[in-house]
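This report concerns only the one structure given below.
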Amino acid sequence: RHWSEYHADGKYLMVKISYIELPKSVLDILRPAFEESRIMSVFFINSHHNSDMADFAKKVIQTNHFVTAPGFGRFIFAHEDVEKICGAIKLRNAEGQFVEGLALGDCFEAG
99 RHWSEYHADG KYLMVKISYI ELPKSVLDIL RPAFEESRIM SVFFINSHHN
149 SDMADFAKKV IQTNHFVTAP GFGRFIFAHE DVEKICGAIK LRNAEGQFVE
199 GLALGDCFEA G
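Heads up: the sequence shown begins at 99 in this note's numbering, then just goes up one per residue.
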């Protein structure tokens with residue numbers, strides 16, 4: 099069985115991806131599963147961020163309304179990247195599909 103099928107009895111998944119390279123080609127493979135699975139919490143830690151991560155997060159947050167707790171640690175985001183992610187959350191919240199929180203740890207040049 100595929101990992102995204104493990105959602106019996108209304109349960110949700112928590113996905114944590116740590117210390118792995120995530121080029122656009124990998125994000126393109128992951129995106130369909132992240133958009134369709136019952137993922138409530140997703141956290142990326144030091145996954146060698148590139149400019150495509152913000153677009154990936156934006157699309158997943160907008161598409162998968164089960165995701166209510168996205169998080170990132172040890173990424174260096176540009177201001178525009180944070181605006182993309184926060185814009186997706188703001189849109190979801192305006193539609194009544196609430197994101198309960200966003201975790202950002204060590205995601206900016208100054209910490």
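Note that CB positions come from ideal geometry on N, CA and C, so glycine has one too.
| Asked | Found |
| --- | --- |
| Alpha-carbon to alpha-carbon, P168 and S135 | 14 Å |
| Cβ neighbour criterion (16 or more within 10 Å) applied to K182 | buried |
| Backbone secondary structure at G194 - three-state DSSP | coil |
| DSSP three-state assignment for G169, whether helix, strand or coil | strand |
| Complete runs of the alpha helix (DSSP H) confined to the segment 118 to 171 [at least 4 residues] | 122 to 134, 150 to 161 |
| Three-state secondary structure assigned by DSSP to K188 | helix |
| Cβ-based burial, N162 [other Cβ within 10 Å; buried from 16] | buried |
| Endpoints, beta strand (DSSP E) assigned at L200 | From DSSP, L200 is part of no beta strand (DSSP E); its letter is neither H nor E. |
| Beta-carbon proximity of I137 to L111, cut-off 9 Å | yes |
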